[in-house]
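K.L.:
After the structure tokens below, expect a handful of questions from me.
2 protein chains.
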Amino acid sequence: MTTQQRSGCPINATVEAFGDRWTLLVLRDVMFGNRRHFRELQASSEERIASNILADRLQRLVRDGLLTRDDAGRGQKATYSLTEASIQLVPVFAHLGAWGLRHRPTNPELRRRAEQLDAGGPDMWSAYMDELRAIHLTPSVPRRRAS
Amino acid sequence: MTTQQRSGCPINATVEAFGDRWTLLVLRDVMFGNRRHFRELQASSEERIASNILADRLQRLVRDGLLTRDDAGRGQKATYSLTEASIQLVPVFAHLGAWGLRHRPTNPELRRRAEQLDAGGPDMWSAYMDELRAIHLTPSVPRRRAS
Chain V
1 MTTQQRSGCP
11 INATVEAFGD
21 RWTLLVLRDV
31 MFGNRRHFRE
41 LQASSEERIA
51 SNILADRLQR
61 LVRDGLLTRD
71 DAGRGQKATY
81 SLTEASIQLV
91 PVFAHLGAWG
101 LRHRPTNPEL
111 RRRAEQLDAG
121 GPDMWSAYMD
131 ELRAIHLTPS
141 VPRRRAS
Chain H
1001 MTTQQRSGCP
1011 INATVEAFGD
1021 RWTLLVLRDV
1031 MFGNRRHFRE
1041 LQASSEERIA
1051 SNILADRLQR
1061 LVRDGLLTRD
1071 DAGRGQKATY
1081 SLTEASIQLV
1091 PVFAHLGAWG
1101 LRHRPTNPEL
1111 RRRAEQLDAG
1121 GPDMWSAYMD
1131 ELRAIHLTPS
1141 VPRRRAS
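Residue numbers (my numbering), protein chains in the order written: chain V, 1 to 147; chain H, 1001 to 1147.
As structure tokens, then:
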């Protein structure tokens, strides 16, 4: 993708990396829902993402350096983790959520996280990014065998 | 669109409004390039947007309340303006640009605006939003006839 960018504009470069609604929603679920496995991501999807779309977007996100995939869990058991680059999208998601709160009809139950992010502001986003780093960027603990 | 949202999550609600790369790029060009007419938007497009895609996205943006269309200029002469809702996307664009500057290869000439927005921070975005309000939300001046 990097070599095929339509222009060198930084906004374009960013939207080429994830300016696709499903890509953004998959990242949202890994980031805020801590959903790390294919089946979880599909089964809990509020927007009912189709499995072929999920598979495609996960592959692209790994290729573009926004997720890493731990192959120790083969197939659908693989664990996906955020990268430093995708963790730095927290403020983007905070602003996307804040805009949606103000300009679109939303569901009270699903508003809560966006409201917290909006109220917390940059200091809270930064603390949250540190939490994500601790969860996603630390070397994976030895896998427990399914019994 | 509003009634067909896939979920009531504020992030989803936002990306359903413009989580499409072309939609974002059209808004970017109206917002930062002050390109207000179909032909301008197409001819100056760094990413060479196709005319059918541009026509579709402009129509959707008007339908969703992110642009208004001044029909005084018939056909391709119509003038598009931002709305209060789309002006409030300035911080989203600032963050998108900042992320692209840091995590994607970009073109020095096209980096300048994103660098300025990034350096300026929230105070500058807010001043810029006021400028956009003055340009886009004030009642249109009487049109000059093309001579």
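Built from N, CA and C at the ideal position, the CB exists for glycine as well.
Please classify residue 1007 of chain H: does DSSP put it in a helix, a strand, or coil?
P.N.:
Here the question's residue 1007 of chain H lines up with position 7 in the second sequence. Looking at residue 1007 of chain H - three-state DSSP - the assignment turns out to be coil, as it is neither helix nor strand.
K.L.:
Just checking: is the beta-carbon of residue 15 of chain V within a distance shorter than 8 Å of some beta-carbon in chain H?
P.N.:
Locating residue 15 of chain V in the first sequence gives position 15, where the first residue counts as 1. By this cut-off, residue 15 of chain V is an interface position.
K.L.:
Assign residue 1020 of chain H to one of three DSSP states: helix, strand, or coil.
P.N.:
Within the second sequence, numbered from 1, the residue matching residue 1020 of chain H stands at position 20. It is a strand residue.
K.L.:
For a quick check, are the C-beta atoms of residue 10 of chain V and residue 1106 of chain H less than 8 Å apart?
P.N.:
Walking along the first sequence from the start, residue 10 of chain V turns up at place 10. Walking along the second sequence from the start, residue 1106 of chain H turns up at place 106. Cβ atoms of residue 10 of chain V and residue 1106 of chain H: closer than 8 Å.
K.L.:
Within its chain, find whatever has a CB closer than 7 Å to the CB of residue 1002 of chain H; leave out the 5 residues flanking it on each side and keep chain order.
P.N.:
Here residue 1002 of chain H corresponds to residue number 2 of the second sequence, with the count starting at 1. Legend: pLDDT at residue 1002 of chain H = 43, less than 50; position of this residue unreliable, value from coordinates given subsequently. Around residue 1002 of chain H: no qualifying Cβ.
K.L.:
Applying a beta-carbon distance threshold of less than 7 Å, which residues of chain V neighbour residue 1047 of chain H?
P.N.:
Your numbering for residue 1047 of chain H matches position 47 in the second sequence. The contacting residues are 6, 7 and 12.
K.L.:
Does residue 50 of chain V pass the burial test, meaning 16 or more other C-beta atoms within 10 Å, or should it be called exposed?
P.N.:
The residue you call residue 50 of chain V lines up with position 50 of the first sequence. The residue in question, residue 50 of chain V, is exposed, as its Cβ has fewer than 16 Cβ neighbours within 10 Å.
K.L.:
Using a Cβ-Cβ cutoff of 7 Å, what residues of the stretch 1085-1099 of chain H are near chain V? List them in chain order.
P.N.:
Listed by position, the residues of the stretch 1085-1099 of chain H near chain V (Cβ gap below 7 Å) are 1085, 1088, 1089, 1091, 1092, 1093, 1095, 1096, 1097 and 1099.
K.L.:
Leaving out the 5 sequence neighbours to the left and right, which residues in its chain are closer than 7 Å to residue 133 of chain V when beta-carbon positions are compared?
P.N.:
Your numbering for residue 133 of chain V matches position 133 in the first sequence. Hits under 7 Å: 87.
K.L.:
Find out if the Cβ-Cβ distance for the pair residue 1057 of chain H, residue 1022 of chain H is shorter than 8 Å.
P.N.:
Translated into positions along the second sequence, residue 1057 of chain H becomes position 57. Translated into positions along the second sequence, residue 1022 of chain H becomes position 22. For residue 1057 of chain H and residue 1022 of chain H, yes; Cβs fall inside 8 Å.
K.L.:
Can you check which of these residues, H:1138, H:1095 and H:1044, is closest to residue 1121 of chain H by C-alpha distance?
P.N.:
Stepping through the second sequence from its first residue, residue 1121 of chain H is reached at position 121. Among H:1138, H:1095 and H:1044, the Cα nearest to that of residue 1121 of chain H belongs to H:1095.
K.L.:
Inspect the beta-carbon positions of residue 1029 of chain H and residue 1045 of chain H and report whether they are closer than 8 Å.
P.N.:
Position 29 of the second sequence, counting from 1, holds the residue named residue 1029 of chain H. Position 45 of the second sequence, counting from 1, holds the residue named residue 1045 of chain H. Yes. Within cutoff.
K.L.:
Does DSSP put residue 14 of chain V in a helix, in a strand, or in coil?
P.N.:
As a first step, residue 14 of chain V is located in the first sequence; it is residue number 14 there, counting from the start. Three-state DSSP puts residue 14 of chain V in a helix.
K.L.:
Determine the DSSP secondary structure at residue 1089 of chain H, reduced to helix, strand or coil.
P.N.:
Numbered from 1 along the second sequence, position 89 holds the residue referred to as residue 1089 of chain H. DSSP places residue 1089 of chain H in coil when its eight states are reduced to three.
K.L.:
Any beta carbon from chain H within less than 8 Å of residue 114 of chain V's own beta carbon?
P.N.:
Working through the first sequence from its first residue, we reach residue 114 of chain V at position 114. Yes, contact with chain H.
K.L.:
Which same chain residues end up closer than 8 Å to residue 1055 of chain H when comparing Cβ atoms and leaving out the 5 residues on each side of it in sequence?
P.N.:
Walking along the second sequence from the start, residue 1055 of chain H turns up at place 55. Counting only Cβ-Cβ distances below 8 Å, and skipping sequence neighbours, we find 1038.
K.L.:
Is there a Cβ from chain V that is less than 8 Å from the Cβ of residue 1020 of chain H?
P.N.:
On the second sequence, residue 1020 of chain H is found 20 positions in, with the first residue counted as 1. Yes, contact with chain V.
K.L.:
Please determine, among H:1061, H:1072 and H:1035, the residue with the shortest C-alpha to C-alpha distance to residue 1019 of chain H.
P.N.:
Position 19 of the second sequence, counting from 1, holds the residue named residue 1019 of chain H. Residue H:1061 is the option with its Cα nearest to residue 1019 of chain H.
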